[in-house]
Every structure is written in C-alpha cells, then in structure tokens.
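**Q** For the sequence shown, the positions run 0 to 381 when my numbering is used. This is the structure I have questions about; it appears just below.
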Amino acid sequence: MYPCSARKSSKEQGYLMRVLHIVTRSDSGGAQCMISTLAALQSQSGHIVAVASGLEGAGIAWHSLPASIEKIPVRHLKRNIAPWDDLLALSEIRHICMGWKPDIVHIHTSKAAALTRIAINPNRYPIIYTMHGYDQLKVANKKLLFIDKMLSPRTSAIVAVSHYDLRRMQTDGYHPKLIANGVKAPSGQKSDASELTLALQLLEDLRKKESPTGLMIARPSSPKRPELVRESARQLKGLCSIVWIGGNARADDPPTFYALGPISDAGRLIPFCDFVLLPSDHEGLPMTLLECLAAGKPFIASNVGGIPELLKYADLPIAPGFAVENSAEDFASAIHSLADDIELRKAMGASGKKLWEKCYTAEIMAAEYESLYKHCKQIKKE
0 MYPCSARKSS KEQGYLMRVL HIVTRSDSGG AQCMISTLAA LQSQSGHIVA
50 VASGLEGAGI AWHSLPASIE KIPVRHLKRN IAPWDDLLAL SEIRHICMGW
100 KPDIVHIHTS KAAALTRIAI NPNRYPIIYT MHGYDQLKVA NKKLLFIDKM
150 LSPRTSAIVA VSHYDLRRMQ TDGYHPKLIA NGVKAPSGQK SDASELTLAL
200 QLLEDLRKKE SPTGLMIARP SSPKRPELVR ESARQLKGLC SIVWIGGNAR
250 ADDPPTFYAL GPISDAGRLI PFCDFVLLPS DHEGLPMTLL ECLAAGKPFI
300 ASNVGGIPEL LKYADLPIAP GFAVENSAED FASAIHSLAD DIELRKAMGA
350 SGKKLWEKCY TAEIMAAEYE SLYKHCKQIK KE
C-alpha cells in the first residue's frame, strides 16, 4: 500500500483487462499526466486501454501515448455546466461504454466522474474514481460537491492521492483508498516537437551563461498562481533566470523571466533546469513535483495540500525542496537560497531522487491500481 510498496505485474499474475479512462479535458494538466503515465504502463503490461476525453485541450495531453491506446473523443463533455451539452455527453459516455465493453471504468476529474456515474450501470461496470486533489472539488467546484457525494454509492472505489486529501475526504463522509501518483524516470530521448525543442534550447543557452535557472510548469489559471513567481523574478533583479511553461509573456516582464506558453510533455524539460517552481492555492500530489524528484532536482512550491508530505520522509538526510507560503516575498527568499548554493541544490536533488525511487515510481502506482481493479472486479462477480 502507498506510499512505499510494489506488487507483481499483471503479466506475472496472468490477469488482463479492458480499461477505459474517462476525463473531462484533454489539455496538459496533472490529471492528464497521471492518466497518460498509468495508461501507457497498463498497455505495456498487456491490458487493452482507451482514454475518452472532452475536446477542451485539443488532445494535447495524449500526443505521447503509444498507438496501442485508443483515444476516444467525447464531443459534448465540457468542464463548465451546460445542460444541453451535459445531456448529450451522458448519451456519448453510455454509448462508448456499451460499444467498448470495458472491464474497468476509471474516471478522473469531477465533471467526467459525475456524468459517467449517471450514464452507466455501476452493477455492470466496476467504476474507480481518482480525485486528483480533493480541494479542487471542495473549494473550487462547490456546485458539484453535493452531486459527487450523492453519486458515491455508484462507485466501486474512490482514490485519494495524498494523506491530506484522504483525511479531508474521510471527514466529509467519503471512504477512500490511498494510492499516490507516480512518474516514470526522465526520458533521454530527443523530442520532435518544435515547441519543446525551442524551450530546451533556451534552457541550454541559459546554462551556458552559468545562470541558475528555475522552471515553472503551470496553467495561467486557478488553482495555479504563476503571478507570484513572476513578481519574485522582478524582486530578484537578475539573480537567476525563470522559465514559465504554460502562460504568455507580458510587456512588463523582467528580462530574466521567460514565458513560453503551453507546451505538451513539458515535464521532459525538468532535467535541464536547476530547480522547479510550483505556486498554487491547492494541490493533491502534483505530478510536476514527482517528475522533479525523479530528475534529481530540488523544488520550491506552495505549502498546500499533499506537498508538505514530500518533505517529511524520515530516511532523508535533507528535504528535497521548500514548501512556502503564497507570497512573492517567500518565493523570492527560497529562490535566493537555491540560486546561491549549488551544493544545497545537489543535496536536495539527491534526496528527492531517493524518495522517488522508494515511493513514487510509475510502476508502484500502476501495481496498486492493478490490485484495486482486480479486487473491484472480483467483488462484482460475487
């Protein structure tokens, strides 16, 4: 069980399934990154896997998925509540499940989770629901919280991704299982994507200037708070460079702040920076920070959600990063500490790598979900 465990693979157990993942949007985000990672490993293990998602994001999240994984558009599945589209999305999801005949339906994000549990018969399909940050529902999508609770009995299992989420969900009457997110080892393969290549070139150019470089991968929308890091860069007055993947540049940006817009598979850039930044109002267990651990890089992130859990593992000689309050001054202070001390960056990075290997690999995550799928499917048979 999470956080530090491993199980036999599905091939070793001789148990293969048809797994259908359903998520609201197809843009680059933490939930989509987790789905992509999990689906790829499931397909590699011999499962037949498909990902169904709305059109918001134009499928950018699935560009790196292997061809063996079917990508199914749900044309009327949208994040915002839209009664006519929602009715049509219900019909689409029902027909997808009837035609695809999954052994497991794995739902992600609150809107897709609600519509799927209304659309299909939970006695026919085991339904696994991963909440990618409970505060996204409890704080940001309060309209759906009551509906989500009402639909809980139609769910075979609900998964929390951090101890923080687990406790809050239990307090609110949920009965979740804890499975941490996990990530793959950094890829050494070159990318053909032009945007990724240009971003990599910038990071390499900054490294040649011997300028410490921070990398922020974050949407320019709630719950992320990129404006805090933008202001920190202004306060630091050229001490280091900061590259932002996710949002666009402004005329008043400081000269050492580079906003490159959204880029697919941006986690592949992490090995080429000196530290990672993640400002946010709430989080579950961010995939970006786990990718940071895997790459052996330190991080500076908001002291919210499951992030502090990454700093408290007892066997580490030093924490793998800083968790700070949401102010530009606090981010600037932590950035100053890392930018000024290469030995500190190395020590924190080494601790993070050790923590990832012990607790947060993609293989550990996939094995835990495999066990959960098998358990839920067995219960349906009885």
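Glycine is no exception: its CB is placed at the ideal position from the N, C-alpha and C atoms.
Which residues in the same chain as Leu259 place their Cβ atom closer than 6 Å to its Cβ, once the five residues preceding and following it in sequence are excluded?
**A** By 1-based counting over the sequence shown, the position of residue 259 is 260. These residues qualify, in order along the chain: Ala198, Ile244.
**Q** Going by DSSP, which residues form a beta bridge with Leu259?
**A** Residue numbering aside, residue 259 sits at position 260 when the sequence shown is read from its first letter. Bridge partners of Leu259: Asn247.
**Q** Indicate whether the contact test is met: 3 or more Cβ pairs, each with one atom in the segment 129–144 and one in the segment 165–182, closer than 8 Å.
**A** Touching, yes, given that three or more Cβ pairs across the two stretches are closer than 8 Å.
**Q** For Ile127, which of helix, strand or coil comes out of DSSP?
**A** Along the sequence shown, read from residue 1 onward, the residue named residue 127 stands at position 128. Looking at Ile127 - three-state DSSP - the assignment turns out to be strand.
**Q** Counting only runs of 3+ residues fully inside the segment 258–318, write out the beta strand (DSSP E) ranges in chain order.
**A** As far as the segment 258–318 is concerned, its whole beta strand (DSSP E) runs of at least 3 residues are 274–277, 298–301.
**Q** Just the Cα atoms here: how many angstroms apart are Leu201 and Arg123?
**A** For the purposes of this step, residue 201 is taken as residue 202 along the sequence shown, with counting starting at 1. For the purposes of this step, residue 123 is taken as residue 124 along the sequence shown, with counting starting at 1. Each residue's Cα considered, the two are about 51 Å apart.
**Q** Measuring alpha carbon to alpha carbon, tell me which residue in Pro297, Lys345, Val18, Ile269 is nearest Ile68.
**A** Indexing the sequence shown from 1 puts residue 68 at position 69. When only C-alpha atoms are compared, the closest one is Val18.
**Q** Here's a check: name, in chain order, each residue in its chain whose Cβ is nearer than 7 Å to the Cβ of Val138, leaving out the five neighbours to either side.
**A** One-based indexing of the sequence shown puts residue 138 at position 139. The answer, listed in chain order, is His281.
**Q** Would you report the Cα separation of Leu284 and Leu309, rounded to the nearest angstrom?
**A** Taking the sequence shown and counting its residues from 1, the one referred to as residue 284 is at position 285. Taking the sequence shown and counting its residues from 1, the one referred to as residue 309 is at position 310. Cα-Cα distance, rounded: 9 Å.
**Q** Please list, in chain order, all residues of the same chain as Val48 whose beta carbon is under 6 Å from its beta carbon, the five residues on each side excluded.
**A** Indexing the sequence shown from 1 puts residue 48 at position 49. Excluding positions up to five away in sequence, the list reads Val18, Ala38, Gln41, Ser42, Ile68.
**Q** Tell me the rounded alpha-carbon separation between Asn325 and Lys223.
**A** Position 326 of the sequence shown, counting from 1, holds the residue named residue 325. Position 224 of the sequence shown, counting from 1, holds the residue named residue 223. In a straight line, the C-alpha of Asn325 is about 11 Å away from that of Lys223.
**Q** State the start and end residues of the unbroken alpha helix (DSSP H) segment that holds His75.
**A** For the purposes of this step, residue 75 is taken as residue 76 along the sequence shown, with counting starting at 1. First-last for His75: undefined, no H or E at that position.
**Q** How big is the Cα-Cα spacing for Thr287 and Ala81?
**A** Looking up residue 287 in the sequence shown gives position 288. Looking up residue 81 in the sequence shown gives position 82. Near 31 Å, if we compare the C-alpha coordinates of Ala81 and Thr287.
**Q** Apply the 10 Å Cβ neighbour rule to Gln31 and answer buried if 16 or more other Cβ atoms are within range, or exposed otherwise.
**A** Here the question's residue 31 lines up with position 32 in the sequence shown. Under this definition Gln31 is a buried residue.
**Q** Give the secondary structure of Ile68 by DSSP, where H, G and I count as helix, E and B as strand, and everything else as coil.
**A** As a first step, residue 68 must be located in the sequence shown, where it is residue number 69. Ile68 falls in the coil class under three-state DSSP.
**Q** Name the DSSP bridge partner or partners of Ile378?
**A** Looking up residue 378 in the sequence shown gives position 379. Per DSSP, none; premise fails for Ile378.
**Q** Contact defined as beta carbons within less than 8 Å: I believe Ser27 pairs with Ser52. What is the distance between those atoms, to the nearest angstrom?
**A** Counted from its first residue, the sequence shown places residue 27 at position 28. Counted from its first residue, the sequence shown places residue 52 at position 53. In fact, because the Cβ distance is near 12 Å, the residues do not count as touching under 8 Å.
**Q** Once the 5 residues before and after Trp61 are set aside, which same chain residues still bring their CB inside 7 Å of it?
**A** Locating residue 61 in the sequence shown gives position 62, where the first residue counts as 1. Result list for Trp61: Ser25, Ser35, Val50, Lys70, in chain order.
**Q** Candidates Tyr173, Ile299, Ser109: which alpha carbon is nearest Met347's?
**A** The count along the sequence shown starts at 1 and reaches residue 347 at position 348. With distances taken between Cα atoms, Met347 lies closest to Ile299.
**Q** Tell me the residue span of the alpha helix (DSSP H) that contains His46.
**A** On the sequence shown, residue 46 is found 47 positions in, with the first residue counted as 1. That residue, His46, is in no alpha helix (DSSP H); it is neither H nor E in DSSP.
**Q** How is the alpha helix (DSSP H) around His162 delimited, first residue to last?
**A** The residue you call residue 162 lines up with position 163 of the sequence shown. 162–170 is the extent of the alpha helix (DSSP H) around His162.
**Q** Just list the alpha helix (DSSP H) runs in the segment 321–370, keeping only unbroken ones of 4 residues or longer that don't cross its boundaries, in chain order.
**A** Listed in chain order, the complete alpha helix (DSSP H) runs (minimum 4 residues) inside the segment 321–370 are 327–338, 341–358.
**Q** Suppose the cutoff is 6 Å on Cβ atoms and the five residues either side in sequence are ignored; what does the same chain contact list for Tyr133 look like?
**A** Locating residue 133 in the sequence shown gives position 134, counting from the first residue. Correct list, in chain order: Asp164, Arg167, Met168.
**Q** Assign Lys141 to one of two classes, buried (16 or more other C-beta atoms within 10 Å of its C-beta) or exposed (fewer than that).
**A** Taking the first residue of the sequence shown as position 1, residue 141 is located at position 142. Result: exposed.
**Q** Based on the DSSP secondary-structure assignment, which residues constitute the bridge partners of Val242?
**A** As a first step, residue 242 must be located in the sequence shown, where it is residue number 243. DSSP output for Val242 lists Leu214, Tyr257 as bridge partner(s).
**Q** Report yes or no: do the segment 247–255 and the segment 214–234 share at least 3 C-beta pairs separated by less than 8 Å?
**A** Yes: at least three Cβ pairs fall under 8 Å.
**Q** Taking just the CA atoms, how far does Met33 sit from Gly237?
**A** Position 238 of the sequence shown, counted from the first residue, corresponds to residue 237. Position 34 of the sequence shown, counted from the first residue, corresponds to residue 33. Answer to the nearest angstrom: the Cα atoms are 35 Å apart.
**Q** Taking the C-alpha atoms as reference points, what is the distance between Gln377 and Ala333?
**A** As a position in the sequence shown, residue 377 is number 378, starting the count at 1. As a position in the sequence shown, residue 333 is number 334, starting the count at 1. Using only the alpha carbons, I get a separation of about 49 Å.
**Q** Go ahead and pull the three-state DSSP assignment for Ser8.
**A** By 1-based counting over the sequence shown, the position of residue 8 is 9. In this predicted model, Ser8 has a pLDDT of only 47, less than 50, meaning its place in the structure is not dependable; the value taken from the coordinates is given anyway. Coil at Ser8, not helix or strand.
**Q** So Leu114 and Ile92 are in contact, right, with Cβ under 8 Å, and what is the actual spacing, rounded?
**A** Reading the sequence shown from its first residue, position 115 is the one you call residue 114. Reading the sequence shown from its first residue, position 93 is the one you call residue 92. Yes, Leu114 and Ile92 are in contact; Cβ-Cβ is about 6 Å, under 8 Å.
**Q** So, at 6 Å on beta carbons, what are the nonlocal neighbours of Pro121 in its own chain, with the 5 sequence-adjacent residues on each side left out?
**A** In the sequence shown, counting from the first residue as 1, residue 121 sits at position 122. Counting only Cβ-Cβ distances below 6 Å, and skipping sequence neighbours, we find Arg153.
**Q** Please list, in chain order, all residues of the same chain as Trp355 whose beta carbon is under 8 Å from its beta carbon, the five residues on each side excluded.
**A** Residue numbering aside, residue 355 sits at position 356 when the sequence shown is read from its first letter. Closer than 8 Å at Cβ, skipping near neighbours: Val182, Leu289, Leu292, Ala293.
**Q** Mark His105 as exposed unless 16 or more other C-beta atoms lie within 10 angstroms of its C-beta, in which case mark it buried.
**A** On the sequence shown, residue 105 is found 106 positions in, with the first residue counted as 1. It is buried - the Cβ of His105 has at least 16 other Cβ atoms within 10 Å.
**Q** DSSP beta-bridge partners for Ala156?
**A** Against the sequence shown, residue 156 aligns to sequence position 157. In the DSSP output, where bridge partners are listed per residue, Ala156 has Ile127.
**Q** Mind checking Glu369: buried by the 16 CB within 10 Å criterion, or exposed?
**A** Sequence index remark: in the sequence shown, residue 369 carries index 370 (1-based). Looking at its Cβ environment, which holds 16 or more other Cβ atoms inside 10 Å, Glu369 is buried.
**Q** Quick check on DSSP: helix, strand or coil for Lys176?
**A** Position 177 of the sequence shown holds residue 176. Strand at Lys176.
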